[in-house]
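Asks:
Protein chains: 2
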Amino acid sequence: MKKILVVGLGLIGASLSMALQGFEDYEVVGAVRSQATYDKAVARRAADRLTFDPAAELPGADVVVLCQDPAGIIGFLREHKDRFKPGALVWDVCGVKTAVAQAAECLPHGVDFIGCHPMAGKEVSGIDNAEGTLFRNTHFIVTPGPRATQEHLDLLHRMADWCKFGDVIETTPERHDEMIAYTSQLMHVIAVSVCDNEELFSCVGFEGGSFRDCTRVAALDPAMWTQLFTLNAPALSRTVARLEERIHQYRVAIENNDRETLRAMLSSASDRKKQINLERARGDDVRPKF
Amino acid sequence: MKKILVVGLGLIGASLSMALQGFEDYEVVGAVRSQATYDKAVARRAADRLTFDPAAELPGADVVVLCQDPAGIIGFLREHKDRFKPGALVWDVCGVKTAVAQAAECLPHGVDFIGCHPMAGKEVSGIDNAEGTLFRNTHFIVTPGPRATQEHLDLLHRMADWCKFGDVIETTPERHDEMIAYTSQLMHVIAVSVCDNEELFSCVGFEGGSFRDCTRVAALDPAMWTQLFTLNAPALSRTVARLEERIHQYRVAIENNDRETLRAMLSSASDRKKQINLERARGDDVRPKF
Chain P
50 MKKILVVGLG
60 LIGASLSMAL
70 QGFEDYEVVG
80 AVRSQATYDK
90 AVARRAADRL
100 TFDPAAELPG
110 ADVVVLCQDP
120 AGIIGFLREH
130 KDRFKPGALV
140 WDVCGVKTAV
150 AQAAECLPHG
160 VDFIGCHPMA
170 GKEVSGIDNA
180 EGTLFRNTHF
190 IVTPGPRATQ
200 EHLDLLHRMA
210 DWCKFGDVIE
220 TTPERHDEMI
230 AYTSQLMHVI
240 AVSVCDNEEL
250 FSCVGFEGGS
260 FRDCTRVAAL
270 DPAMWTQLFT
280 LNAPALSRTV
290 ARLEERIHQY
300 RVAIENNDRE
310 TLRAMLSSAS
320 DRKKQINLER
330 ARGDDVRPKF
Chain E
50 MKKILVVGLG
60 LIGASLSMAL
70 QGFEDYEVVG
80 AVRSQATYDK
90 AVARRAADRL
100 TFDPAAELPG
110 ADVVVLCQDP
120 AGIIGFLREH
130 KDRFKPGALV
140 WDVCGVKTAV
150 AQAAECLPHG
160 VDFIGCHPMA
170 GKEVSGIDNA
180 EGTLFRNTHF
190 IVTPGPRATQ
200 EHLDLLHRMA
210 DWCKFGDVIE
220 TTPERHDEMI
230 AYTSQLMHVI
240 AVSVCDNEEL
250 FSCVGFEGGS
260 FRDCTRVAAL
270 DPAMWTQLFT
280 LNAPALSRTV
290 ARLEERIHQY
300 RVAIENNDRE
310 TLRAMLSSAS
320 DRKKQINLER
330 ARGDDVRPKF
């Protein structure tokens with residue numbers, strides 16, 4: 050029997066560990082650090098087997114899935130680089146890919162690291178909120194380097210199918226980080242910025258769906274997002290600057306009562322949004338080619 | 050039999066007209082402008098009766114609900130001010146309340162105007178998307194002026210109950226506009242600003258729930274939102290400026306790799322969001338007192 054070792058049973062790790070159970074002829078072993086998580090993992094049958102000692106499992110693990118926060122993943126790679134099984138596939142799940150790919154360069158030749166990013170999540174964390182169905186119809190982004198083997202890419206695709214991901218997107222770590230700065234990190238900057246408003250506690254009763262939707266992700270894990278933001282600073286900073294500029298243009302048009310400009314800006318943005326909604330509904334292939 | 054006249058069967062008007070049917074001993078009459086809307090209203094049984102001539106219905110209408118866009122409501126009040134039935138209750142549904150309350154000052158004494166704002170909506174418009182259930186568990190904001198009668202306020206509460214609103218929030222037009230600038234209009238400024246990005250069409254495959262949630266309302270009606278933004282320019286401009294400032298502070302911390310500041314800002318915002326989530330879940334009365 051082959052072995053998948055899932056390191057870190059937080060929200061994503063525990064959900065993956067649940068989702069991967071039964072995959073081909075693999076045993077799923079979950080590595081935890083705390084007794085509390087161990088007990089919950091047992092109660093929820095989050096893995097076929099559990100361990101407190103991932104290092105001891107590494108030499109026999111055909112697939113290793115690193116599910117810690119970015120600093121945890123980078124530290125684990127460096128600390129255990131010589132313990133991985135030759136020919137193993139190592140992948141991670143965190144939200145920045147260039148920094149992790151650079152750290153993975155320390156792995157010996159023959160250990161194949163492929164940075165991944167399941168585009169799934171919740172505004173709450175931990176194994177308590179994990180679900181084996183978390184990945185259904187979400188994107189699974191993989192960022193294979195030049196040394197990635199076709200065999201391992203095929204294996205990743207089969208695991209993605211088994212976990213019921215909606216699709217698998219292949220791109221480079223750099224392109225991933227640029228895109229994710231816009232589609233995910235910026236949304237988190239917005240959500241926390243909106244919550245940093247003195248009216249937050251007095252606005253209850255005045256909030257509709259748009260406010261709940263926009264601020265949902267503000268209940269984030271500050272330590273993890275500090276890592277994600279700083280590890281992707283150049284791309285994130287560019288996309289935040291672009292947003293600042295655009296929001297400022299709206300404010301100027303509003304303050305000047307410049308209805309013509311305002312209407313033109315709103316028409317253009319709303320047309321763009323409607324077009325992309327349509328393309329998605331039609332299932333057009335507007336996906337970038339690499 | 051008494052009569053409720055709903056003027057304008059767009060998304061909100063048609064949904065209200067559907068929801069209000071069967072309310073006490075009122076006939077619900079829907080006023081439309083186009084044959085297309087008339088035909089759809091007949092097919093969907095959107096009202097007990099339909100008319101192309103709201104002016105002719107006004108002298109017999111005990112309740113008039115104005116469901117046009119802000120300029121349409123203001124124009125209707127001015128044009129028909131002498132046709133309303135003495136003792137009638139007139140209310141509107143649009144997203145700005147000070148400008149509409151000022152326009153309603155032209156009504157003769159004895160016609161009671163109360164500006165309202167059902168905090169419900171969709172990112173799509175028109176009678177095709179209307180539903181009688183649209184208002185379930187949403188806020189119904191009412192902004193009675195000093196001349197509003199208790200009898201009419203009670204009537205509004207009973208209509209809100211009948212339409213299954215979650216609660217009725219009473220406030221002033223000015224406070225409404227200040228709050229809504231933050232909780233609703235700002236969310237729309239954000240959504241369109243995010244969509245004004247060259248990466249919008251290439252980011253498919255990289256977007257998760259936060260991106261879909263934040264940009265959902267960008268598919269807005271440009272003419273109506275131009276009105277809403279400019280009619281509430283001072284409050285909206287203040288809240289946009291506050292957001293710009295905060296987003297800029299995040300960018301500076303990210304560019305300076307200032308993890309300590311970043312983590313402190315993220316902790317504070319995320320704590321605020323978690324606290325308000327908790328208060329809502331507990332149903333605490335964090336609602337402002339007026």
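Chains as they are written, first to last, in the numbering used here: chain P, 50 to 339; chain E, 50 to 339. Backbone N, C-alpha and C define an ideal beta-carbon position, used for all residues, glycine too.
#1: Whole beta strand (DSSP E) runs in the region 63 to 107 of chain E with 3 or more residues, listed along the chain?
#2: If you follow the alpha helix (DSSP H) that P/T198 is part of, which residue opens it and which one closes it?
#3: Which residues, in order along the region 234 to 249 of chain E, keep a beta-carbon less than 8 Å from a beta-carbon of chain P?
#4: Taking the continuous beta strand (DSSP E) assigned at P/V373, which residues delimit it?
#5: With three or more C-beta pairs closer than 8 Å as the rule, is the region 88 to 108 of chain E touching the region 123 to 139 of chain E?
#6: Could you work out which residue in P/D307, P/T100, P/P157 is closest to P/T86 when comparing CA atoms only?
#7: Rounded to a whole number of angstroms, what is the C-alpha to C-alpha distance between P/R224 and P/P195?
#8: Please state if the CB of P/V114 and the CB of E/R300 are separated by a distance shorter than 8 Å.
#9: Can you give the Cα-Cα distance for P/I239 and E/A318, rounded to whole angstroms?
#10: Since P/P283 is in the alpha helix (DSSP H), which residue starts that stretch and which ends it?
#11: Would DSSP call E/V160 helix, strand or coil?
#12: What residues from the region 265 to 276 of chain E come within 7 Å of chain P, judged by C-beta to C-beta, listed N to C?
#13: I want to know whether the region 175 to 192 of chain E touches the region 246 to 261 of chain E - three or more CB-CB distances under 8 Å.
#14: Does DSSP put P/L54 in a helix, a strand or coil?
#15: Looking at the strands, I want to know which residues DSSP matches up with E/V142.
#16: For P/I218, report the span of its beta strand (DSSP E) as first-last.
#17: Does the beta carbon of P/K51 come closer than 8 Å to any beta carbon on chain E?
#18: Where does the unbroken alpha helix (DSSP H) through P/V149 begin, and where does it stop?
#19: Could you work out which residue in P/A80, P/D74, P/L285 is closest to P/K51 when comparing CA atoms only?
#20: Taking only beta-carbon atoms, is P/G254 less than 8 Å away from chain E?
#21: So which residues on chain E does P/H297 lean against when the C-beta distance must stay under 7 Å?
#22: Report the option in E/C252, E/R321, E/L280, E/T232 whose CA atom is closest to the CA atom of P/R329.
#23: In chain E, which residues lie with their C-beta within 8 Å of the C-beta of P/T61?
#24: I want to verify the contact list: residues of chain E whose CB lies under 8 Å from the CB of P/T279, in sequence order.
#25: When we look at the beta-carbon of E/V142 and count the other beta-carbons within 10 Å, is it buried (16 or more) or exposed?
#26: Please list the terminal residues of the continuous beta strand (DSSP E) segment that includes E/L115.
#27: Do you know how far the Cα of E/A302 is from the Cα of E/R312?
#28: Out of curiosity, what's the CA-to-CA distance linking E/L204 and P/L60?
#29: Does any heavy atom of the ligand NAP sit closer than 7 Å to the C-beta of E/D270?
#30: What is the residue span of the alpha helix (DSSP H) that E/N326 lies within?
#31: Less than 6 Å between C-beta atoms, sequence neighbours within five positions excluded: which residues of the same chain meet that for P/K57?
#32: Residues of chain P with CB closer than 7 Å to the CB of E/F260, please, in chain order.
#33: So, is P/H201 buried or exposed, given that buried needs 16 or more other C-beta atoms within 10 angstroms?
#34: Whose Cβ in chain E lies nearer than 8 Å to the Cβ of P/T187?
#35: Please tell me whether P/S242 and E/L69 are closer than 8 Å, where the distance is taken between their beta carbons.
#36: If you follow the alpha helix (DSSP H) that P/E247 is in, where does it begin and where does it stop?
Replies: In terms of the structure at hand:
#1: 75 to 80, 98 to 100
#2: Within the first sequence, the letter at position 149 stands for residue 198 of chain P. Where P/T198 is concerned, there is no enclosing alpha helix (DSSP H), given that its DSSP letter is neither H nor E.
#3: L235, M236, H237, V238, I239, A240, V241, S242, V243, C244, D245, N246, E248, L249
#4: The requested residue 373 of chain P does not occur in the structure, where chain P is confined to residues 50 to 339.
#5: yes
#6: Residue 86 of chain P sits at position 37 when you count from the first residue of the first sequence. The shortest C-alpha separation from P/T86 is found at P/T100.
#7: Start at 1 with the first residue of the first sequence, and residue 224 of chain P comes out as number 175. Start at 1 with the first residue of the first sequence, and residue 195 of chain P comes out as number 146. Going from the Cα of P/R224 to the Cα of P/P195 covers about 15 Å.
#8: For the purposes of this step, residue 300 of chain E is taken as the residue at position 251 of the second sequence. For the purposes of this step, residue 114 of chain P is taken as the residue at position 65 of the first sequence. No, these two residues do not count as a Cβ contact at 8 Å.
#9: Reading the first sequence from its first residue, position 190 is the one you call residue 239 of chain P. Reading the second sequence from its first residue, position 269 is the one you call residue 318 of chain E. If you take the alpha carbons of P/I239 and E/A318, they lie about 11 Å apart.
#10: Stepping through the first sequence from its first residue, residue 283 of chain P is reached at position 234. Its alpha helix (DSSP H) spans residues 282 to 304.
#11: By 1-based counting over the second sequence, the position of residue 160 of chain E is 111. Reduced to three states, the DSSP call for E/V160 is coil.
#12: R265, V266, A267, A268, L269, P271, A272, W274, T275
#13: no
#14: Within the first sequence, residue 54 of chain P is the residue found at index 5, counting from 1. Looking at P/L54 - three-state DSSP - the assignment turns out to be strand.
#15: To locate residue 142 of chain E, count along the second sequence from 1; it is residue 93. E/V142 is not bridged to any residue.
#16: Indexing the first sequence from 1 puts residue 218 of chain P at position 169. From DSSP, the beta strand (DSSP E) with P/I218 extends over 216 to 219.
#17: Against the first sequence, residue 51 of chain P aligns to sequence position 2. No, no contact with chain E.
#18: Sequence index remark: in the first sequence, residue 149 of chain P carries index 100 (1-based). Unbroken alpha helix (DSSP H) run through P/V149: 147 to 153.
#19: What you label residue 51 of chain P is simply residue 2 of the first sequence in a count that begins at 1. Closest option to P/K51, Cα to Cα, is P/D74.
#20: Residue mapping note: residue 254 of chain P aligns to position 205 of the first sequence, counting from 1. Answer yes: the Cβ-Cβ gap between P/G254 and chain E drops below 8 Å somewhere.
#21: Translated into the one-based positions of the first sequence, residue 297 of chain P becomes position 248. The contacting residues are E293.
#22: Looking up residue 329 of chain P in the first sequence gives position 280. Considering only alpha carbons, the answer is E/C252.
#23: In the first sequence, the residue the question calls residue 61 of chain P occupies position 12. Looking at the sequence shown, residue 61 of chain P is not Thr but Ile. Near P/I61 there are no residues of chain E at all, since even the closest Cβ is about 12 Å away, more than 8 Å.
#24: Translated into the one-based positions of the first sequence, residue 279 of chain P becomes position 230. Result: I303, N306, R308, L311.
#25: If you number the second sequence from 1, residue 142 of chain E lands on position 93. Buried, since its Cβ has 16 or more Cβ neighbours within 10 Å.
#26: For this step, residue 115 of chain E is matched to residue 66 along the second sequence. 112 to 115 is the span of the beta strand (DSSP E), which, as asked, contains E/L115.
#27: As a first step, residue 312 of chain E must be located in the second sequence, where it is residue number 263. As a first step, residue 302 of chain E must be located in the second sequence, where it is residue number 253. Using only the alpha carbons, I get a separation of about 10 Å.
#28: Locating residue 204 of chain E in the second sequence gives position 155, where the first residue counts as 1. Locating residue 60 of chain P in the first sequence gives position 11, where the first residue counts as 1. Approximately 49 Å, taken between the alpha carbons.
#29: Annotation note on the ligand NAP: not contained in the displayed structure, which lists no ligands.
#30: Locating residue 326 of chain E in the second sequence gives position 277, counting from the first residue. Counting along the chain, the alpha helix (DSSP H) containing E/N326 begins and ends at 308 to 331.
#31: As a first step, residue 57 of chain P must be located in the first sequence, where it is residue number 8. According to the sequence displayed, residue 57 of chain P carries Gly and not Lys. Cβ neighbours of P/G57 beyond the five flanking positions: C116, Q117.
#32: Walking along the second sequence from the start, residue 260 of chain E turns up at place 211. Within chain P, the residues near E/F260 are T232, S233, M236.
#33: Within the first sequence, residue 201 of chain P is the residue found at index 152, counting from 1. Buried, since its Cβ has 16 or more Cβ neighbours within 10 Å.
#34: Residue 187 of chain P sits at position 138 when you count from the first residue of the first sequence. Chain E residues near P/T187: G257.
#35: By one-based count along the first sequence, residue 242 of chain P stands at place 193. By one-based count along the second sequence, residue 69 of chain E stands at place 20. No, they are not a contact pair.
#36: The residue labelled residue 247 of chain P in the question sits at position 198 within the first sequence. Here P/E247 belongs to no alpha helix (DSSP H), and DSSP marks it neither H nor E.
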